[in-house]
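Residue 1022 is where the sequence shown starts when you use our numbering, and the numbers rise one by one after that. Glycine included, every Cβ here is placed at the ideal spot set by N, Cα and C. Given the structure is predicted, the values throughout are model-derived calculations rather than measurements. Okay, structure first, notes after.
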Amino acid sequence: MGLEFYFILHKNRFFKVMRKILYITLSAVLIACGGGGGSTTPAPAPSPTPTGDTTPPTIVIKGPPTVYHEVGTAYTDEGAEFSDNSGQEPSTSTDIDVDVTTYGTYTVTYSATDAAGNRSTAQRTVEVVGASLIDFYNYSRDVLGANRSNYRDHYLRGMEGSIYAQDALKIGDYETAKEMVKNAFDYYSLYSNIWRERAGDFGLNNGDPIGYYSLRMVDKITQVLPLESTGSLTITAVMVLCTNAERPINLAYDTETVYLELDDRMLENEHKVLKEAIFLFELWMKAITNGLETTTQVHIQEECAETSFNVSNFGYGGTPILSSSANNREIVSRVPEEIRESTNIWLVITPSGVVGDGSDFATYWVDGGMGLTDKGLPLIIATDKHFLRKYYMNGTGDYTEVERRVYQPQWFQHEIMHHLYRTWPEYELEITGHDWFERSFWPADFVGIHEPDYYWETIEKRLSGAQPSLAEGLNIVEWKELNIEDIGYETLRGKWLNTNPTNAYHYCEIIEDRGSWYWTNAANVAWPIYEQDGLLLVDTLGVYGIQELLLRGDQEGNLEYVYFNGGEHIKSDWTYQNTNGSHLPAPAPQKNEQYHAEEHSSFKIYYHNHLMHEDTDSID
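Set out below in structure tokens:
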């Protein structure tokens, strides 16, 4: 604005003000001097009082109102746009109160004042978080519609505590990792049920209890490590590139066979997805074995697998279970011998045979678990989708990196504990299968309440002093294949329990009746055992087809377990608890009319016509 214009403008304003002052003064004088005095001349009407500008300026924040910023990096604000209804630019200021060196919630305050004195403010929330959480929280905000402030406090302490602890462990900062665990459990104590509250918020799966498994694993790691390596423990992850998968297409379980390929995400960035999922588990294995350096190698197998499925009506809480699994032992047998000889733990990953997220079938889908190789080594079974997307019963959508890092160690730990319990059966810590799900089954000296508490106390109170040691027991164990001619049928007699039992068919007993032997189970059925072409077979009478019964023993020839229908079974004096809570046999299935049947103790034995005893009449 030129000086001349400025002077003219303000000169005009000066005269206007002076006229107004003079008018007010004269009016006051007239009123004071007579107020009426008989004058017939009416006083002039006052001018309308101007209303003035009462509208504050407008502030529009550029970018999202909540942003997530990486700790330790300079913060640059996107700013805001200011405007006023007067058409003139208001006076503005921006106050950035952000400490980038410390995790926390901060604000940026924008202020604007117009010429009439009207003022407005607006704020942006800045969450200073670790780099590992930036993408997660942006996803949460943009896709899930949830800012960090929408998460409950214990959820944040469990999830973020686990992530920050793992970040610290990656750089060898054990003290910071220990502090993360301490902060979480000092605020919400161990064994508190609050860790289970709202575990499924926003369709996420960060474990149930939230972050609790991984925090307890970190706790064990930081109590033991750093520790000089005392040896090695090698996990071989076999990624099978394709499978011919038989799977159901409807609730009647009609089937289709489809060709499936491994999801490319499992192969990208040097198997980044698997590394995220298994990192904490590797460190935990080193901790519990007192120094076995645990590493994972990946073997790509181009030959397709064969995947099939089974249906069981004796699932969790009576809910049917669909299980999908590949020919895992055969997959392992194809791996080059030099890799097989160096492997202690196997992980087989195949394309998932599960249809979508399983929600169309209103049942549980199981496509992972724990088995044994032909040499008795632990065989962890999984699919690509196990690491990439959530089943409908434990969340929605794909896994984020944060979920993989917080939840997946829980799964790995769960599966390896099955192996530890069967390797040291003398402690009787898994007799009926998943004993930790029922608190009344826990040993009297166990004080926790959650599944990871059971694992912690198993290691601390039982297996830390086991013979052989954990390090010895997890190294290669050579099984000896036994023949029925060498050991005799009497060796088989008795109760056998699947090492990963989930239904009544996994609680088994081998019995003898009038010279014939039968594989029976808690579902009240019995199938004949017979020899053919040098093989010991079980005819499941159309349920699972004809299955080979494999006998495995130690190097001294002592029978250790039997392998039947894809699962290993150990001797166990089990008691089956059915879904109504009673320790009674499950209801017998309906008789298949193509077979004959007769009663035998508590079992209904079914026979093929050609396997009927000669002295037994047919029963329709």
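Quick one: measure Cβ to Cβ for THR1384 and TRP1367, integer angstroms, because I've assumed they're closer than 8 Å.
-> Contact doesn't hold; Cβ gap of about 28 Å is too wide.
Can you tell me the Cβ-Cβ gap for GLU1303 and SER1253, rounded? I've got them flagged as a contact below 8 Å.
-> Wrong, their Cβ atoms sit about 11 Å apart, outside the cutoff.
Measuring alpha carbon to alpha carbon, tell me which of PHE1382, HIS1320, THR1371 ends up nearest GLU1359.
-> HIS1320
Reducing DSSP to helix, strand and coil, say where TYR1412 ends up.
-> coil
Between the CA atoms of TYR1127 and THR1146 - distance to the nearest angstrom = 6 Å
Figure out for me which residue from ASP1575, SER1114, THR1328 has the closest Cα to the Cα of LEU1343.
-> When each option's Cα is compared against that of LEU1343, the closest is THR1328.
Counterpart residues of GLU1424 in DSSP-defined beta bridges = Partner(s): none; GLU1424 has no beta bridge.
Could you tell me which of PRO1077, VAL1164, ASN1227 sits nearest to VAL1423, measuring between CA atoms?
-> ASN1227
Span of the alpha helix (DSSP H) around ARG1178 | 1174-1191
Report yes if the C-beta distance between GLY1232 and GLY1179 is below 7 Å; otherwise report no.
-> Yes, these two residues count as a Cβ contact at 7 Å.
Decide if ILE1270 is buried, meaning its Cβ has at least 16 other Cβ atoms within 10 Å, or exposed.
-> exposed
PRO1549 burial status per 10 Å Cβ neighbour count (16 or more: buried) = buried
Which whole-angstrom value describes the C-beta separation of VAL1245 and ALA1308, a residue pair presumed to lie in contact below a C-beta threshold of 8 Å?
-> The Cβ separation is near 4 Å, so the contact holds.
Short check: CB of TRP1445 to CB of ALA1487, under 7 Å?
-> yes
Determine which residues share a DSSP beta bridge with LEU1572 and list them.
-> Beta-bridge pairing links LEU1572 to VAL1583.
Look at ALA1205 and LEU1236 and say whether their C-beta atoms are less than 7 Å apart.
-> yes
Rounded to a whole number of angstroms, what is the C-alpha to C-alpha distance between GLU1351 and PRO1399?
-> 15 Å
Euclidean distance between Cα positions of ARG1268 and PHE1408 | Straight-line Cα distance between these residues: approximately 20 Å.
Which same chain residues, not among the five before or five after LYS1083, have their C-beta less than 7 Å away from its C-beta?
-> GLU1099, GLY1100, ALA1101, GLU1102
Sorted by chain position, which residues of the same chain lie with C-beta nearer than 7 Å to LEU1580's C-beta, five sequence neighbours on each side aside?
-> Here the set comprises LEU1503, ILE1508, THR1512, LEU1572, GLY1574.
Considering ASN1290, what are the terminal residues of the alpha helix (DSSP H) in which it resides?
-> 1289-1309
Assuming SER1345 and ASP1388 make a contact with CB atoms under 8 Å, what is their CB distance in whole Å?
-> 5 Å
Should GLN1187 be labelled buried (16 or more other beta-carbon atoms within 10 Å of its own) or exposed?
-> GLN1187 is buried by the Cβ-count criterion.
Near TYR1234, what residues of its chain come up, given a Cβ to Cβ distance below 7 Å and the 5 sequence neighbours on each side ignored?
-> GLY1228, PRO1430, GLN1431, GLN1434, PRO1473
Cβ-based burial, SER1363 [other Cβ within 10 Å; buried from 16] | Classification for SER1363: exposed.
Per DSSP, what kind of secondary structure is ALA1143 in: helix, strand or coil?
-> strand
Can you give the Cα-Cα distance for LYS1241 and ILE1215, rounded to whole angstroms?
-> If I take the Cα positions, the gap works out to 22 Å.
Status (buried if at least 16 other CB within 10 Å, exposed otherwise) for SER1461 = exposed
CB SER1210 to CB ILE1184, shorter than 7 Å?
-> no
Out of HIS1175, ASP1594, LYS1396, ARG1535, state which residue places its alpha-carbon closest to the alpha-carbon of TYR1584.
-> LYS1396
Segments of 4+ residues assigned as alpha helix (DSSP H) that fall wholly inside the region 1198-1251 = 1233-1245
Going by Cα to Cα distance, which pick from ASP1174, GLY1193, GLU1447, VAL1239 is closest to LYS1199?
-> VAL1239
Can you tell me the Cα-Cα spacing of TYR1428 and PHE1223, whole angstroms?
-> 15 Å
Could you check which residue in VAL1356, ALA1326, ASN1365 has the C-alpha nearest to that of SER1373?
-> Among VAL1356, ALA1326, ASN1365, the Cα nearest to that of SER1373 is on ALA1326.
Using DSSP bridges, identify the partner residues of ALA1326.
-> THR1264
Give the C-beta separation of THR1404 and LYS1411 to the nearest angstrom, bearing in mind that I take them to be a contact with Cβ-Cβ under 8 Å.
-> The beta-carbon separation of THR1404 and LYS1411, rounded to 13 Å, does not stay under the 8 Å limit for a contact.
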